[in-house]
Amino acid sequence: MSDVIATIEQPQEIVAVVEAGATSAGSSSLAAYDAGLLKIYNQAKEDYYHGKNNTNTTNQ
């Protein structure tokens, strides 16, 4: 009998899905939107490095 060895690597990209809606400050300014998007990106990056594969925080 032969053994099968598989190596599973983590993905090399981070994808964030941002839903349309009001920003955290209730402002529609581009700066507020960019700040919110940057926060999501940084959280996803941190989670990726800690081995998490789901950064959806809306259901917690």
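Going left to right, the sequence shown walks through residues 28 to 87 as my numbering numbers them.
Glycine included, every Cβ here is placed at the ideal spot set by N, Cα and C.
On a predicted model such as this, the values are computed, not experimentally measured, just so you know.
To which residues of the same chain is residue i closer than 7 Å at the C-beta, ignoring the five residues directly before and after it?
i, result
"I32", "none"
"A62", "none"
Have a look at the options and flag the residue whose alpha-carbon is nearest the alpha-carbon of residue i.
i, options, result
"E73", "E36, D30 and E40", "E40"
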